[in-house]
Amino acid sequence: MSSPNYYSEWIELLHQLKEIGQEDEKIISVLEKGSLDWTSGVADKIVNLTLDVIEFRLKYTTRQFQQELDYSSGQEEAIISAIINARYRFDLLYRLCRLAIFPDDIRESLENVVSKYVRDSQEALLESAKHDRTGQLAYTIRHNSLIQQQSSAAAVHESVEQKETNSNQFKPRRRVLF
C-alpha cells in the first residue's frame, strides 16, 4: 500500500476505514505518510468523509465495547481488557484526526469530536457503575479510564525528572560519627 497523494487515493483509503475487518493500523499508517493539495473543494469532501469515518468508527467501537462488557460476566480482568481495547480503537481515531494534511483548526475540531465522545462514554460508564453496591466496578472504571492520560503522564514524567535534578543539587553529605 503506497502513501496517498491524490484525492481519489485518499477517498479509497478512507472508505476502507469504514469497512470492518480491514487492517486499520496499516491504513492509518499509510494515511499519516500521505500528502494532498489542500484546495477548498477537495478539503470539504475530505473533511466530510473523515467525519463520516469517525462517526462510523465511534459507533462501531461502542458496539464492540458493549459486546465485550456483556461477555465479561462482571470479571474485572475482562472489563479492563474491554476498556483497553476501546482505548486502542479510540487512539486510532485520534491518529486519524491528527493527520498532517489537516490544518490546525480542523485537526483540533476533529479531535474535539472524538474527545467529547470518549468523555461522555466514560461518564456514562461511571454513572452505570453507581448501581454496583460493592463499588468495585466504579473503582475499576475510574482506575482504567477510557480517557487517555497521555498529557498527565508526560507531566508526571517531567516532574520526576525535575525532582531528580533538584535532589542531586542538594544531596546531603553523609556524616560519620565516632
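Letter 6 of the sequence shown, counting from 1, is numbered 14 in our numbering, and no numbers are missing. We put the CB at the ideal spot given by N, CA and C, even for glycine. Predicted model only: the values in this text are computed from it and were never measured.
> Are the CB atoms of Leu118 and Ile62 nearer to each other than 8 Å?
Replying inline: yes
>> Restricting to Cα atoms, I'd like to know which of Ile91, Leu101, Ser11 is closest to Leu25.
In response: Leu101
> Nearest-angstrom Cα distance between Leu133 and Val55?
Replying inline: 30 Å
> Relative to the alpha-carbon of Tyr15, which residue among Ile28, Met9, Ser37, Ala51 has its alpha-carbon at the smallest distance?
Replying inline: Ala51
>> Please classify Arg127 as buried or exposed, where buried requires at least 16 other C-beta atoms within 10 Å of its C-beta.
In response: exposed
>> Taking 7 Å as the limit between beta carbons, can you name the residues of its chain near Ile149, skipping five residues before and five after?
In response: Leu133, Leu134, Ala137
> Where are the beta strand (DSSP E) runs, 3 residues long or more, that stay fully inside the stretch 71 to 144, in chain order?
Replying inline: none
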